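Undergrad:
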């Protein structure tokens, strides 16, 4: 058999459970999928391929899976930081969204996000925002694998001035998304939270996604205030409340999950709910520290997400990995918690499980899509090399990604974006910021 | 006046207290020092210089100050992680040090560290280790500004098999360091900790540095165990114990300072002790969370350090800044704690104060040495720009450093190391790792 492409002489991490790193490893790719994975020492015979790429000992691994992102909020990056949560949200973010967010904004902001995501080695992303058809267009254009989720909230929102139409708009968004499926982009919806959506909205939204076998996203138990407010209003924790509404199942993705008691954790485990952990955002907004190792002990699948750039402020999964591996150690005063390999699994295979994509991506085995990245190991901060998992989680960064492939197509090569016109995106992003600035009469230092 | 070099068209952060960012800023440099700092819009006249560099809107700021590093431990990066502290130290790090560390190891390991430090925008570093003359040679060769501290410990150590000679060796190291002063490298000593040095050693070591007006470094109050052990043995906390020994003054640098009660904090403030915060190391080793904002409220000067690569595992000050800004917010559940600009000050001017170098570096004002870095703002994750402090602390990374200058000499230009032979350093580092591996009969995945 003659394959399309052979990548060889790699330190290969398949990220399949139990598999060890493969020195002098290779991946054969055909028609966008992984056909063969193996090892061949110098001189040993290799599979035949039309194109052969010797990566000279660099590391090849599955692309990263970012389970929660509001891509377009890159246009609000650094607009307001270090503020009390209510001021940040009500004086800055909500007004900015109300005034500026439309489909064009979301398209441009998502392109900007995608440029950053690809450079940082992300091959699959779950994006959730308003005017999400703009995001879908940007993601499909860039060639990233994605789950795009139209925001549902029981308040006037960008693109949905009348909240009574929010589910209708979401349903239309999902229906119009069929043509994007073949391009690796799945359309669904995202209920903002239990405190911004009514019980009726939550139940109807879940019915839509359940009927169509789609993931259902929701911010859940992010702050102490959310939990106490929910208890006051319903007598239940947010998790127990959603369970009473019938919203919790294996295709529900609970984002944040910071304030979870033992009963909440048991419930999430029993319902097979997936959790997305966003530690950089949780710390910056002072939300709290999610009980990640306790959830994992209960067999809950936990992926990682960056959240949006207004609360992070980057979309760098390497930072999330490094923080995840460290934060839970100090929270428990136990340095053995969440070793590096487990954290790398959270950012790859577990992330794919969270998004319902584990059959197609998240590890490098024959039959899955060729979603992979090449890491430049020939650098000071990755020298010498004793343990690749340790290097990736504790020492590497987004800039170490040399190349990114999704479904057999190179999106990044030698750190250059191939599917996007970066100068054009930059110009449009800067123009949006200039419009914002002129509306605020300031910003002498801005570019 | 004709200056040697004019850097202009920069977004300039001087990091002097109270100064705002200067758009279209310039820095004039003469004989290695900053001569003039100002602003000039397009068309306005600029100071004359032999060489003129237009940075096209990129950001220029003081180089970063890394207040605590064990550079040579880069050769142990990733050798042992995610282990209980006593296993990590006694089964891995101490045996590896006993077997491998000598002057040649320290020279090579420090060169490797310096390559990473320069690429990450560090212009001043405090290094502390054994066989420290190897480190001093490496740092001077690289052109980095440095305080190098010979380790003092009351056990057999690399280069000092008989601990009775530890102070004599340290004294010799300091005396032989005079010739390095003109190259920006100051020699002093570093007492490992209150639990590994006797009272007599601590007092005699402090006398040496006090008599010569040198900074005195010590790991202090890093773990709960250290505090309870000290209480058992002395009836005092480590801070109170050192105070009783007369070791605390304005030139003492307490590294870590994790477990500090209110009385300890008051004592550090009263004695004007400087503190070095190493959050990535503290989290990875599950040591705890230092009371940084409480110390700062008491006017204690706190700088940032990476610690060594065996406990971090990189020497990236951008990660330390991002974590410092986030960690203390979540610890206090208050998102207003340690805003971005304060954290950037910790990594620049406050760091210089910690090391006793604030008269020569840490901010960009006329008379100080030209220690500066250029940050590439023209990238997806730094676009658009509303607030430069926010970008630097919450979004930027080591790879965004385009250029690094120390004392008027470029050490990095367009991300290329100018003062080091990277291929040669890499070869030697890989050779050390191979020797370690052959002594352990394993490592099929290593490079």
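Residue numbers (my numbering), protein chains in the order written: chain A, 1 to 447; chain B, 448 to 894.
C-beta: ideal position from N, C-alpha, C; glycine also.
Keep in mind it's a predicted model, so treat the numbers as computed, not measured.
Output the distance between the C-alpha atoms of residue 191(A) and residue 128(A), rounded to the nearest integer angstrom.
TA: Against the first chain, residue 191(A) aligns to sequence position 191. Against the first chain, residue 128(A) aligns to sequence position 128. Answer to the nearest angstrom: the Cα atoms are 9 Å apart.
Undergrad: Under a three-way DSSP split, which group does residue 537(B) fall into?
TA: Mapped onto the second chain, residue 537(B) falls at position 90. Residue state, collapsed to three classes: helix.
Undergrad: Label residue 216(A) either buried or exposed according to how many other C-beta atoms from any shown protein chain fall within 10 Å of its C-beta, with 16 as the threshold for buried.
TA: Position 216 of the first chain holds residue 216(A). Counting Cβ neighbours within 10 Å, residue 216(A) comes out buried, since at least 16 surround it.
Undergrad: Any beta-carbon of chain A closer than 8 Å to the one on residue 780(B)?
TA: In the second chain, residue 780(B) corresponds to position 333, counting from 1. It does; some Cβ of chain A falls within 8 Å.
Undergrad: With three or more beta-carbon pairs closer than 8 Å as the criterion, would you say the region 65-76 of chain A touches the region 99-107 of chain A?
TA: Flag = yes, the region 65-76 of chain A and the region 99-107 of chain A touch.
Undergrad: Would you check if the distance between the CB atom of residue 502(B) and the CB atom of residue 812(B) is smaller than 8 Å?
TA: To locate residue 502(B), count along the second chain from 1; it is residue 55. To locate residue 812(B), count along the second chain from 1; it is residue 365. Result no, Cβ atoms of residue 502(B) and residue 812(B) do not sit closer than 8 Å.
Undergrad: Closer than 8 Å, Cβ to any Cβ of chain B: which residues of the region 305-331 of chain A, in chain order?
TA: Listed by position along the chain: 309, 312, 313, 314, 315, 316, 319, 322, 323, 325, 326, 327, 329 and 330.
Undergrad: Look at the Cβ atom of residue 254(A), then the Cβ atom of residue 227(A), and state whether they are nearer than 8 Å.
TA: On the first chain, residue 254(A) is found 254 positions in, with the first residue counted as 1. On the first chain, residue 227(A) is found 227 positions in, with the first residue counted as 1. No, the Cβ-Cβ distance between residue 254(A) and residue 227(A) is not below 8 Å.
Undergrad: Would residue 386(A) pass as an interface residue toward chain B - the criterion being a Cβ-Cβ separation below 8 Å?
TA: For this step, residue 386(A) is matched to residue 386 along the first chain. Residue 386(A) counts as touching chain B.
Undergrad: Can you find at least 3 beta carbon pairs, one from the region 379-398 of chain A and one from the region 751-763 of chain B, that sit closer than 8 Å?
TA: The region 379-398 of chain A, when compared against the region 751-763 of chain B, does touch it at the 8 Å Cβ threshold.
Undergrad: Got a sec? Which residues, its chain only, sit under 7 Å from residue 799(B) by beta carbon, not counting five neighbours each side?
TA: The residue you call residue 799(B) lines up with position 352 of the second chain. Cβ within range, chain order: 512, 571, 805, 808 and 809.
Undergrad: Please confirm whether residue 865(B) has its beta-carbon closer than 8 Å to some beta-carbon of chain A.
TA: By 1-based counting over the second chain, the position of residue 865(B) is 418. No, no contact with chain A.
Undergrad: So, at 7 Å on beta carbons, what are the nonlocal neighbours of residue 443(A) in its own chain, with the 5 sequence-adjacent residues on each side left out?
TA: In the first chain, the residue the question calls residue 443(A) occupies position 443. Here the model assigns residue 443(A) a pLDDT of 42, short of 50, so the residue's position is not dependable and the matter cannot be decided.
Undergrad: Can residue 409(A) and residue 730(B) be called in contact, C-beta distance under 8 Å?
TA: Within the first chain, the letter at position 409 stands for residue 409(A). Within the second chain, the letter at position 283 stands for residue 730(B). For residue 409(A) and residue 730(B), no; Cβs fall outside 8 Å.
Undergrad: Consider the Cβ of residue 9(A): report whether some Cβ of chain B lies at a distance smaller than 8 Å.
TA: Translated into the one-based positions of the first chain, residue 9(A) becomes position 9. Cβ-Cβ to chain B under 8 Å: no for residue 9(A).
Undergrad: Could you give the distance in angstroms between the alpha-carbon of residue 646(B) and the alpha-carbon of residue 692(B)?
TA: Sequence index remark: in the second chain, residue 646(B) carries index 199 (1-based). Sequence index remark: in the second chain, residue 692(B) carries index 245 (1-based). Each residue's Cα considered, the two are about 7 Å apart.
Undergrad: For the region 703-713 of chain B against the region 728-743 of chain B, do three or more pairs of beta-carbon atoms, one drawn from each stretch, fall closer than 8 Å, so that the two count as touching?
TA: The region 703-713 of chain B is in contact with the region 728-743 of chain B.
Undergrad: Would the region 525-534 of chain B count as touching the region 331-340 of chain A if we require 3 or more Cβ pairs under 8 Å?
TA: The region 525-534 of chain B vs the region 331-340 of chain A: in contact.
Undergrad: Excluding five sequence neighbours on each side, which residues of the same chain lie with their C-beta closer than 7 Å to the C-beta of residue 36(A)?
TA: Sequence index remark: in the first chain, residue 36(A) carries index 36 (1-based). Cβ within range, chain order: 28, 47 and 366.
Undergrad: Please check if any C-beta of chain A sits within less than 8 Å of the C-beta of residue 607(B).
TA: Residue mapping note: residue 607(B) aligns to position 160 of the second chain, counting from 1. False, the Cβ-Cβ gap to chain A never drops below 8 Å.
Undergrad: Considering only C-alpha positions, which residue in the set 878(B), 854(B) and 868(B) is nearest to residue 451(B)?
TA: Position 4 of the second chain holds residue 451(B). Out of 878(B), 854(B) and 868(B), 854(B) has the C-alpha closest to the C-alpha of residue 451(B).
Undergrad: Could you check if residue 602(B) is buried or exposed, using at least 16 other CB atoms within 10 Å of its CB as the buried criterion?
TA: The sequence position of residue 602(B) within the second chain is 155, counting from 1. The residue in question, residue 602(B), is exposed, as its Cβ has fewer than 16 Cβ neighbours within 10 Å.
Undergrad: Residue 145(A): buried (16+ other C-beta within 10 angstroms of its C-beta) or exposed?
TA: For this step, residue 145(A) is matched to residue 145 along the first chain. By the 10 Å Cβ count, residue 145(A) comes out buried.
Undergrad: Between which residues of its own chain and residue 187(A) is the CB-CB distance below 7 Å, once the five residues before and five after are set aside?
TA: The sequence position of residue 187(A) within the first chain is 187, counting from 1. Excluding positions up to five away in sequence, the list reads 136, 148, 173, 174, 177 and 180.
Undergrad: Which ranges does the beta strand (DSSP E) cover as unbroken runs of at least 3 residues, wholly within the region 150-214 of chain A, from first to last along the chain?
TA: Correct list: 185-191.
Undergrad: With a 10 Å radius around its C-beta and 16 neighbouring C-beta atoms as the bar for buried, classify residue 523(B) as buried or exposed.
TA: Sequence index remark: in the second chain, residue 523(B) carries index 76 (1-based). Residue 523(B) should be labelled buried.
Undergrad: Considering only C-alpha positions, which residue in the set 388(A), 422(A) and 236(A) is nearest to residue 20(A)?
TA: Stepping through the first chain from its first residue, residue 20(A) is reached at position 20. With distances taken between Cα atoms, residue 20(A) lies closest to 388(A).
Undergrad: Starting from residue 280(A), find everything on chain B with Cβ-Cβ shorter than 8 Å and list it in chain order.
TA: In the first chain, the residue the question calls residue 280(A) occupies position 280. The contacting residues are 769 and 773.
Undergrad: Report the neighbours of residue 529(B) on chain A: residues whose CB is nearer than 7 Å to its CB, in chain order.
TA: Here residue 529(B) corresponds to residue number 82 of the second chain, with the count starting at 1. Within chain A, the residues near residue 529(B) are 335, 336, 339 and 340.
Undergrad: With a 10 Å radius around its C-beta and 16 neighbouring C-beta atoms as the bar for buried, classify residue 11(A) as buried or exposed.
TA: Residue numbering aside, residue 11(A) sits at position 11 when the first chain is read from its first letter. Buried: at least 16 other Cβ atoms inside 10 Å.
Undergrad: Suppose you measure from the CA of residue 330(A) to the CA of residue 498(B); what does that come to, to the nearest Å?
TA: For the purposes of this step, residue 330(A) is taken as residue 330 along the first chain, with counting starting at 1. For the purposes of this step, residue 498(B) is taken as residue 51 along the second chain, with counting starting at 1. Each residue's alpha carbon lies about 50 Å from the other.
Undergrad: In three-state terms, what does DSSP make of residue 505(B)?
TA: Within the second chain, numbered from 1, the residue matching residue 505(B) stands at position 58. Coil, per DSSP.
Undergrad: Taking a contact to mean a Cβ-Cβ separation below 8 Å, would you say residue 644(B) touches residue 573(B) in this structure?
TA: In the second chain, residue 644(B) corresponds to position 197, counting from 1. In the second chain, residue 573(B) corresponds to position 126, counting from 1. Against a cut-off of 8 Å, the Cβ pair of residue 573(B) and residue 644(B) comes out as no contact.
Undergrad: With 16 as the cutoff for other CB atoms within 10 Å, does residue 161(A) come out buried or exposed?
TA: On the first chain, residue 161(A) is found 161 positions in, with the first residue counted as 1. By the neighbour-count rule (16 or more Cβ atoms within 10 Å), residue 161(A) is not buried but exposed.
Undergrad: I'd like the list of long-range same chain contacts for residue 118(A), defined as Cβ closer than 8 Å, with 5 residues on each side in sequence excluded.
TA: Stepping through the first chain from its first residue, residue 118(A) is reached at position 118. Counting only Cβ-Cβ distances below 8 Å, and skipping sequence neighbours, we find 142, 144, 404, 411, 412, 417, 419 and 420.
Undergrad: From residue 657(B) to residue 434(A), what does the alpha carbon distance come to, in whole angstroms?
TA: Numbered from 1 along the second chain, position 210 holds the residue referred to as residue 657(B). Numbered from 1 along the first chain, position 434 holds the residue referred to as residue 434(A). Taking the straight line joining both Cα atoms gives about 55 Å.
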